[in-house]
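Just below is one structure, and these are the notes that go with it.
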Amino acid sequence: MKQSKEYELIVIGGGPAGLGAALSAYENGLKDILIIERDTFLGGILNQCIHNGFGLHYFKEELTGPEYSKRFIDQLGDTSIEVKLDTMAMSIENTDDARLVHIMNAAEGYQILKTKSIILAMGCRERTRMQIQIPGTRAAGIINAGQAQRYVNIEGYMVGKKVIILGSGDVGLIMARRLTLEGAEVVACVEVMPYLGGLNRNYVQCLKDYDIPLYLSHTITDIRGKNRVEGVTVQEVDTTGKPIPGTETDYDVDTVLLSVGLIPENELSSEAGVKIDPRTSGPIVYENSETSSKGIFACGNVLHVHDLVDFVTEEAESAGHAAACFVKGENCKTQNAKIIEIKNGPTIGYTVPQHIRVEDIEKNVRVYFRVRRNYKDVVQVLFKDNDDNVIAKFKRPYMFPGEMENVSLPRQLLDKVVGNELLISVEE
5 MKQSKEYELI VIGGGPAGLG AALSAYENGL KDILIIERDT FLGGILNQCI
55 HNGFGLHYFK EELTGPEYSK RFIDQLGDTS IEVKLDTMAM SIENTDDARL
105 VHIMNAAEGY QILKTKSIIL AMGCRERTRM QIQIPGTRAA GIINAGQAQR
155 YVNIEGYMVG KKVIILGSGD VGLIMARRLT LEGAEVVACV EVMPYLGGLN
205 RNYVQCLKDY DIPLYLSHTI TDIRGKNRVE GVTVQEVDTT GKPIPGTETD
255 YDVDTVLLSV GLIPENELSS EAGVKIDPRT SGPIVYENSE TSSKGIFACG
305 NVLHVHDLVD FVTEEAESAG HAAACFVKGE NCKTQNAKII EIKNGPTIGY
355 TVPQHIRVED IEKNVRVYFR VRRNYKDVVQ VLFKDNDDNV IAKFKRPYMF
405 PGEMENVSLP RQLLDKVVGN ELLISVEE
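For the sequence shown, the numbering used here gives the first residue as 5, with consecutive numbering after it.
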């Protein structure tokens with residue numbers, strides 16, 4: 005084991021979040037920056053997302069995933085930011101004075117790197133069949149949507165000829181279209197919840213435009229086949245998620261594609277003492293993306309699962325700026341700042357950030373959240389303090405669980421909060 009030079013910032017993850025955070029920190033004055041990426045190339049998940057639809061918010065133009073990430077990768081050439089590819093971050097040690105990142109790769113072996121700050125940008129992983137416990141055989145042909153996307157778009161392999169998709173997450177919807185274009189027959193997409201799991205635009209462009217049926221409140225209750233999948237049984241479920249007897253429908257398929265949720269990759273975070281929010285499965289953060297562990301920040305899908313990469317980049321740039329301020333000692337006000345905790349109403353799934361240090365906000369703070377059910381008519385999003393005073397309210401024409409929402413809370417309104425809690429709720 006050897007220790008190398010001390011860095012000002014180490015970014016773990018070289019996807020869109022890591023790239024955006026590193027470049028932002030560099031633009032805000034940090035020069036000794038290292039990006040650690042376990043894959044053999046930068047860009048993260050975007051390298052396999054060859055469809056368009058990226059960059060509409062951030063660049064004001066439509067790009068493919070690789071085009072989007074390349075714009076940030078190209079910027080690295082004009083900086084002193086270092087990159088270690090094909091490198092695993094094994095663990096993180098965090099003290100008041102410094103942070104240590106243990107890494108390993110084939111070229112340099114095991115190393116311990118010292119840094120003044122860390123940005124977590126490890127992304128997320130897919131939930132597997134075993135985690136949702138689908139009954140049936142363990143035949144070949146049961147595959148996660150993201151894994152199938154890599155096989156088809158990068159490796160050049162077709163995953164099946166007759167496919168059924170379980171779950172209506174965005175990757176599953178996009179792969180329904182992709183497999184159809186490659187010649188497969190996608191017989192249906194079934195979703196256990198009574199609402200769509202992904203963006204409505206993906207439903208229209210990927211299912212509706214290709215006449216692929218979507219069955220809400222349905223799930224797969226059996227998978228048949230010895231060596232290869234031969235068929236599945238689909239059943240309708242009640243409001244508690246239990247299959248309803250007598251609603252069975254059999255499909256002859258050779259492939260089951262799973263799009264049943266994403267889980268932020270936070271094993272490193274937990275080992276470093278970072279507190280995790282059970283609602284997001286990501287770190288609990290303040291308004292500047294700093295976690296509960298001093299000097300460690302988080303952004304992107306490791307923090308909470310995003311719909312659009314444009315918002316990942318905005319969040320990453322904020323985290324990079326905050327890390328630069330931390331290293332330069334420019335956020336010392338946080339020691340005595342009033343802290344407001346954001347509480348969730350019954351129909352709010354989660355909020356990010358979870359805590360706001362009011363004195364550290366110059367103009368406003370952006371709050372991301374998801375709702376737990378469909379709102380198809382105009383509603384009000386309310387923020388109330390401990391005395392039930394309405395601090396802020398925002399009108400929305402509709403809201404769906406599959407689409408992340410965000411609002412901007414001005415500093416002058418936060419100064420009016422009585423107590424140390426702010427409740428977010430929806431009023432119809």
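C-beta: ideal position from N, C-alpha, C; glycine also.
Among the options, nearest to residue i - alpha-carbon criterion
i	options	result
Glu294	Leu266, Glu319, Val313, Pro282	Glu319
Lys212	Val191, Asp256, Val375	Val191
Gly349	Arg377, His325, Lys332	Arg377
Phe301	His310, Val289, Leu312, Asp311	Val289
Asn157	His61, Asn51, Asp78, Glu65	Asn51
Gly201	Ala188, Lys420, Leu218	Leu218
Gln384	Val371, Phe398, Val375	Phe398
Ile136	Ala110, Tyr207, Thr223	Thr223
Leu426	Arg361, Val382, Lys367	Arg361
Lys120	Ile169, Lys166, Leu34	Leu34
Ser28	Val208, Pro249, Thr83, Leu67	Thr83
Inter-residue Cα distance where the pair is residue i and residue j
i	j	result
Leu272	Ile96	7 Å
Leu177	Glu186	15 Å
Leu220	Arg154	27 Å
Glu334	Asn204	42 Å
Glu240	Glu407	24 Å
Asn292	Leu124	13 Å
Ala144	Tyr199	29 Å
Gln79	Tyr11	20 Å
Asp174	Val194	13 Å
Ser274	Lys88	23 Å
Lys367	Met94	38 Å
Asp258	Gly69	29 Å
Asn148	Gly324	32 Å
Residues that DSSP places opposite residue i in a beta bridge
i	result
Arg283	In the DSSP output, where bridge partners are listed per residue, Arg283 has none listed.
Arg232	Ala144
Lys166	Glu189
Met408	Per DSSP, none; premise fails for Met408.
Residue j beta carbon less than 8 Å from that of residue i
i	j	result
Ile267	Arg131	yes
Gly304	Asn98	no
Val313	Phe58	yes
Arg42	Thr91	yes
Beta-carbon contacts of residue i that lie in its chain and below 6 Å, excluding the five residues immediately before and after
i	result
Gly24	Thr317, Ala320, Glu321
Asp256	Gly235
Chain-order list of residues whose beta-carbon lies under 7 Å from that of residue i (same chain, five-residue window excluded)
i	result
Ser285	Ile267, Pro268, Asn270
Ala396	Phe387, Leu413, Leu417
Arg133	Ile146, Leu262
Chain-order list of residues whose beta-carbon lies under 8 Å from that of residue i (same chain, five-residue window excluded)
i	result
Val127	Looking at the sequence provided, one finds Gly at residue 127 rather than Val. The residues are Gly17, Gly19, Ala21, Gly48, Ile49, Pro268, Glu269, Gly304, Asn305, Val306.
Pro139	Thr225, Asp226, Ile227
Glu409	Tyr372, Phe373, Arg374, Val375, Val385, Arg400, Met403
Residue-level contact to chain D via CB, residue i, 8 Å cutoff
i	result
Met126	You won't find chain D in this structure, because it holds only one protein chain.
Proximity test, residue i beta-carbon vs the ligand FAD heavy atom, cut-off 7 Å
i	result
Thr68	As presented, the structure is devoid of all ligands, the ligand FAD included, so that no description of it is given.
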